[in-house]
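Enquirer: I'd like to ask you about the structure that follows.
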Amino acid sequence: MTEAFPSFEVVPAVDMQDGEVVQLVQGERGTERRYGDPVEAAERWVGEGAETLHLVDLDGAFEGERKNAGAVEAVVDAVDVPVQLGGGIRTADDAANLLERGVERVILGTAAVENPELVEEISDDYPGRAMVSLDAKDGEVLVSGWTESTGLDPAEAASRYEELGAGAILFTDVDVEGRMEGVQTDVTRRVVEAVDIPVVASGGVASLDDVRALRDAGAAAVVVGTALYEGTFTLREAAAAAGESE
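With the numbering used here, the residue at position 108 of the sequence shown is 360, and numbering never jumps.
Okay, here's the thing in structure tokens:
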């Protein structure tokens with residue numbers, strides 16, 4: 253098992269709904285823009301230099317059932333870079349099946365909040381391969397596809413999951429997600445400072461300066477979706493910006 257994100261990475265998002273790549277605004281259904289076939293998108297990003305892909309089964313995230321399993325398997329089979337997957341993973345068996353089929357990291361969101369021991373159970377069998385997704389709005393962690401607030405502080409929650417064996421934290425700032433208006437780094441920095449495991453930032457990246465800002469806040473990687481699909485900048489440009497000295 254290689255270390256996750258030994259150097260800062262820009263990770264393209266392949267979010268799937270009804271078998272298609274989509275991007276949502278603020279995580280709300282009905283706001284999606286569609287971007288075609290998941291395998292074509294994945295191959296495109298790998299061709300442009302992606303070292304990791306971030307897959308999300310949005311139907312799974314909202315409904316708790318992995319409805320894009322076929323598309324996920326097709327992507328895993330088509331590319332030769334690590335794939336991390338979230339959305340609808342609710343049990344240790346779900347996670348084990350995915351990890352055995354070639355997914356590098358499983359992302360646990362709602363399930364981790366409702367059943368923290370699940371993180372420990374998966375991590376015992378697959379060390380370092382459980383990533384916990386903390387989605388925060390107004391300083392509180394959300395669950396169930398960003399529809400319910402838990403009252404949890406994201407930095408405190410991140411520390412708790414590190415103790416349970418999480419190999420990484422995916423931190424999404426819902427306040428800026430999908431708006432293409434830029435990032436806020438304060439809360440991301442708090443989460444980074446609370447743990448020793450990698451924190452992958454997500455949400456709101458609209459410019460190369462945003463990529464640099466999240467790197468400088470201590471994130472181990474940044475997930476980028478809309479900006480790449482809309483051609484605001486290329487993956488190669490983002491990777492180059494990420495590699496520039498501070």
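Here a beta-carbon is modelled for each residue, glycine too, at the ideal position from N, C-alpha and C.
Where in the region 398-469 do unbroken runs of the beta strand (DSSP E), each at least 3 residues long, occur, reported from the N-terminal end onward?
Expert: If we require 3 residues or more, the beta strand (DSSP E) runs fully inside the region 398-469 come out as 420-425, 451-454.
Enquirer: So is S385 buried or exposed if we call it buried at 16+ other beta carbons inside 10 Å?
Expert: It counts as buried.
Enquirer: Between which two residues does the alpha helix (DSSP H) carrying R296 extend?
Expert: 290-299 is the extent of the alpha helix (DSSP H) around R296.
Enquirer: Looking at the secondary structure, which residues open and close the alpha helix (DSSP H) in which T362 lies?
Expert: That run of the alpha helix (DSSP H) goes 362-366.
Enquirer: How long is the line joining the alpha carbons of E261 and G282, rounded to whole angstroms?
Expert: Their Cα atoms are separated by approximately 30 Å.
Enquirer: Name the residue from G403, V447, V335, V291 whose alpha carbon lies nearest to the alpha carbon of I421.
Expert: Comparing Cα-Cα distances from I421 to each of G403, V447, V335, V291, the minimum goes to V447.
Enquirer: For V263, which residues does DSSP report across the bridge?
Expert: Looking at the DSSP assignment, V263 forms a beta bridge with V475.
Enquirer: From A363 to A410, what does the alpha carbon distance come to, in whole angstroms?
Expert: Their backbone Cα atoms lie some 14 Å apart in a straight line.
Enquirer: Ignoring anything shorter than 3 residues or poking outside the region 296-345, list the beta strand (DSSP E) runs there in chain order.
Expert: DSSP runs (the beta strand (DSSP E)) wholly in the region 296-345: 305-309, 335-338.
Enquirer: In its own chain, which residues sit with a C-beta less than 8 Å from the C-beta of I341, not counting the 5 before and 5 after it?
Expert: G312, R318, A347, L350, V358, I359, L360, A363, listed in sequence order.
Enquirer: Can you round the beta-carbon distance between A490 and R467 to whole angstroms, since I take them to be within the 8 Å contact cut?
Expert: Rounded, the Cβ-Cβ distance is 10 Å, inconsistent with contact.
Enquirer: Does the beta-carbon of D387 have 16 or more other beta-carbons within 10 angstroms, so that it is buried, or is it exposed?
Expert: By the neighbour-count rule (16 or more Cβ atoms within 10 Å), D387 is buried.
Enquirer: Quick one: using the 10 Å Cβ neighbour count with 16 as the cut-off for buried, is T478 buried or exposed?
Expert: The residue is buried, with at least 16 neighbouring Cβ atoms inside 10 Å.
Enquirer: In the DSSP output, which residue or residues are listed as bridge partners for D387?
Expert: Answer is L394, T424.
Enquirer: Is the separation between the beta-carbon of V444 and that of A471 shorter than 9 Å?
Expert: It is a contact, given that the beta carbons lie within the stated cut-off.
Enquirer: CA-CA distance, D405 and V393?
Expert: Each residue's Cα considered, the two are about 6 Å apart.
Enquirer: Using CA atoms only, rank isn't needed, just tell me which of E303, T304, A323 is closest to L310.
Expert: Answer by Cα proximity: A323.
Enquirer: Taking C-alpha atoms, which residue in S454, G271, A321 lies nearest to F423?
Expert: Here the closest residue by C-alpha is S454.
Enquirer: Cα-Cα, which of E366, E415, R353 is closest to G380?
Expert: When only C-alpha atoms are compared, the closest one is E415.
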